[in-house]
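J.: Residue numbers (our numbering), protein chains in the order written: chain A, 183 to 311; chain B, 183 to 311. For every residue, glycine included, the Cβ atom is placed at its ideal position computed from N, Cα and C.
Protein chains: 2
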Amino acid sequence: MQKLTSQRQAILNLINASNRHWDADEVARALVDTGASIGIATVYRGLSALESQGLIDSIQLADKKRYERAGKAHHDHMICTSCGRIEEFSHDTIESLQEAAAEKKGFKLTGHQLVMFGFCRKCTQELDA
Amino acid sequence: MQKLTSQRQAILNLINASNRHWDADEVARALVDTGASIGIATVYRGLSALESQGLIDSIQLADKKRYERAGKAHHDHMICTSCGRIEEFSHDTIESLQEAAAEKKGFKLTGHQLVMFGFCRKCTQELDA
DNA sequence: AAGATAATGATAACTGTTATCATTACATCC
DNA sequence: GGATGTAATGATAACAGTTATCATTATCTT
Ligand SMILES: [Mn+2]
Ligand SMILES: [Mn+2]
Ligand SMILES: [Zn+2]
Ligand SMILES: [Zn+2]
Numbered sequence: 183m184q185k186l187t188s189q190r191q192a193i194l195n196l197i198n199a200s201n202r203h204w205d206a207d208e209v210a211r212a213l214v215d216t217g218a219s220i221g222i223a224t225v226y227r228g229l230s231a232l233e234s235q236g237l238i239d240s241i242q243l244a245d246k247k248r249y250e251r252a253g254k255a256h257h258d259h260m261i262c263t264s265c266g267r268i269e270e271f272s273h274d275t276i277e278s279l280q281e282a283a284a285e286k287k288g289f290k291l292t293g294h295q296l297v298m299f300g301f302c303r304k305c306t307q308e309l310d311a
Numbered sequence: 183m184q185k186l187t188s189q190r191q192a193i194l195n196l197i198n199a200s201n202r203h204w205d206a207d208e209v210a211r212a213l214v215d216t217g218a219s220i221g222i223a224t225v226y227r228g229l230s231a232l233e234s235q236g237l238i239d240s241i242q243l244a245d246k247k248r249y250e251r252a253g254k255a256h257h258d259h260m261i262c263t264s265c266g267r268i269e270e271f272s273h274d275t276i277e278s279l280q281e282a283a284a285e286k287k288g289f290k291l292t293g294h295q296l297v298m299f300g301f302c303r304k305c306t307q308e309l310d311a
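(1) On the DSSP letters alone, give me the boundaries of the alpha helix (DSSP H) that A/L232 sits inside.
(2) Just to make sure I have the definition right: I need the residues of chain A whose C-beta is within less than 8 Å of the C-beta of B/T292. Which are they?
(3) On the three-pair Cβ rule with 8 Å, is the stretch 221 to 235 of chain B touching the stretch 256 to 265 of chain B?
(4) Closest Cβ-Cβ distance between A/K287 and chain B: below 7 Å?
(5) Alpha carbon to alpha carbon, what distance is there between B/Q280 and B/H294?
(6) For A/D215 and A/K246, which I take to be in contact (beta-carbon distance under 8 Å), what is that distance rounded to the nearest angstrom?
(7) What residues of chain B sit near A/H273, judged by a beta carbon separation below 7 Å?
(8) Would you say the beta carbon of A/R267 is closer than 6 Å to some non-hydrogen atom of ligand 3?
(9) At a cut of 8 Å, does the stretch 195 to 203 of chain B reach the stretch 273 to 291 of chain A through at least three beta carbon pairs?
(10) Just how far apart, CA to CA, sit B/S200 and B/R251?
(11) In this structure, what does DSSP give as the bridge partners for A/K259?
(12) Grab me the residues of B/G236's own chain with a C-beta within less than 7 Å of its C-beta, minus the 5 sequence neighbours each way, in chain order.
(13) Going by C-alpha distance, which of B/Y249, B/E308, B/F271 is nearest B/A255?
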């Protein structure tokens, strides 16, 4: 991929302008809502092109892939199964212990994904009330 | 679910008899190969019924769900992206640091999944050779 | 043995995603 | 500026994994 078309520019701007974790459909709808014209296939291709340029990041959740802006330091995710809120966190010790665990098994790591599920503070309070 | 049918028994026996991580299709084919007659829908229903009984465990990978026998202690997974090998590991400190990270964000954890990707020892050697 | 209920299996339907392919937009060279 | 090669677009088909539908069958309880 070489051409940074107006569609891909629009996708990139949208994602860069927020801290959300977008799925392909949300991106498409948000762009169409601003009056842009973009096909869903173009969104999928654009997202994966932008990701392989390193311009955006992604996490693969159970059902679908979600994209977020790049440039933040590495982090993992905590997902509220009640309201869908996605919280980011990072923990250097966890990261290095992962490396250690891999080494112990003779694995050469290329990546990892740690996802934690539970209830965010707000949802916990609402459920307790 | 209350009825332990021959089909579900067969699924359970198959999974209990190995350390593999099975997807639905593999289970179906393995059972058909032994001469059993079982529909793919029944396999899906059986797997999820057995899981909610706690009789088998699962991990949700990017593309599909995989089932393994229950009863092993909690562990996470390391996957070789070259040969598909799935190695299990557990690390108490990582587990408790996860708890700590969640608490810091006000999250009440209900579960988590840590998957590491890379090259297993064998594949690393083959690639170096 | 009956009756109630849950499971089965073939298949349709659904979701997220990639492939196809004709058309369009860019960029480059003349 | 115009021809030409190349990559992107968009509508839509296809695909994988999974769940839903529904008539039929098996299992459990009395
Ligand atoms: Mn991490
Ligand atoms: Mn763990
Ligand atoms: Zn929440
Ligand atoms: Zn390997």
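T.: On the basis of the coordinates in this document:
(1) Translated into positions along the first sequence, residue 232 of chain A becomes position 50. It spans 222 to 234 - the alpha helix (DSSP H) in which A/L232 sits, taken as one unbroken run.
(2) Within the second sequence, the letter at position 110 stands for residue 292 of chain B. Within chain A, the residues near B/T292 are T263, F299, G300, F301.
(3) no
(4) In the first sequence, residue 287 of chain A corresponds to position 105, counting from 1. At least one CB atom of chain B sits nearer than 7 Å to the CB of A/K287.
(5) For the purposes of this step, residue 294 of chain B is taken as residue 112 along the second sequence, with counting starting at 1. For the purposes of this step, residue 280 of chain B is taken as residue 98 along the second sequence, with counting starting at 1. Taking the straight line from one Cα to the other gives about 9 Å.
(6) As a first step, residue 215 of chain A must be located in the first sequence, where it is residue number 33. As a first step, residue 246 of chain A must be located in the first sequence, where it is residue number 64. About 20 Å separates the CB atoms of A/D215 and A/K246; that is not less than 8 Å, and the two are not in contact.
(7) Counting from one through the first sequence, the residue named residue 273 of chain A turns up at place 91. Result: L279, A283.
(8) Taking the first residue of the first sequence as position 1, residue 267 of chain A is located at position 85. Yes, the Cβ of A/R267 comes within 6 Å of a heavy atom of ligand 3.
(9) Judged by Cβ distances under 8 Å, the stretch 195 to 203 of chain B makes no contact with the stretch 273 to 291 of chain A, as fewer than three pairs qualify.
(10) In the second sequence, residue 200 of chain B corresponds to position 18, counting from 1. In the second sequence, residue 251 of chain B corresponds to position 69, counting from 1. Taking the straight line joining both Cα atoms gives about 8 Å.
(11) The residue given as residue 259 of chain A occupies position 77 in the first sequence. Note on identity: in this sequence residue 259 of chain A is His, with Lys being the wrong assignment. A/E270, A/V297.
(12) Here residue 236 of chain B refers to the residue found at position 54 of the second sequence. Same-chain partners within the cutoff: A252.
(13) For this step, residue 255 of chain B is matched to residue 73 along the second sequence. Ranking B/Y249, B/E308, B/F271 by Cα distance to B/A255 puts B/F271 first.
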